[in-house]
Amino acid sequence: MAKRGRGSEENEEDKKVKVNRDALKKSLRLFRFIKPYKGYFITGLVFLLLSSATTLVFPKLLGDILKVVENKLSAGSLNELTLLLFGLLVIQSAF
Numbered sequence: 110m111a112k113r114g115r116g117s118e119e120n121e122e123d124k125k126v127k128v129n130r131d132a133l134k135k136s137l138r139l140f141r142f143i144k145p146y147k148g149y150f151i152t153g154l155v156f157l158l159l160s161s162a163t164t165l166v167f168p169k170l171l172g173d174i175l176k177v178v179e180n181k182l183s184a185g186s187l188n189e190l191t192l193l194l195f196g197l198l199v200i201q202s203a204f
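Residues 110 to 204, numbered by this note's numbering, are exactly what the sequence shown covers, in order.
What follows is the structure, encoded as structure tokens:
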């Protein structure tokens, strides 16, 4: 966000923290909290990766459909692309 009315002063929030042993130990405390929920955490990361992957595939399929419209791909592949797109939307709804 824009920093209004601060001038050239730097607040403590704006200063960069150097990575050292103490800062690393503080950040690793988060994993001690997550340890009892390790399964949920890993499952969440897997679903996050799958969701990101399906989101990236969507524009690719739309581009292929546009190639069919421009007659760069055969019209027979339009049915396959439509089914893939529909399947992708169903998978995305699960995430």
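Glycine included, each C-beta is placed from N, C-alpha and C at the ideal position.
On a predicted model such as this, the values are computed, not experimentally measured, just so you know.
Boundaries for residue 179: no alpha helix (DSSP H) harbours it, and the DSSP string shows neither H nor E there. Within the model, the alpha-carbon separation for residue 164 versus residue 199 is close to 12 Å.
The beta carbon of residue 171 is closer than 8 Å to those of 194 in its chain, skipping five residues each way along the sequence. With a beta-carbon spacing of about 6 Å, residue 167 and residue 197 fall inside the 8 Å limit used to define contacts. The Cβ atoms of residue 177 and residue 157 lie no closer than 8 Å to each other.
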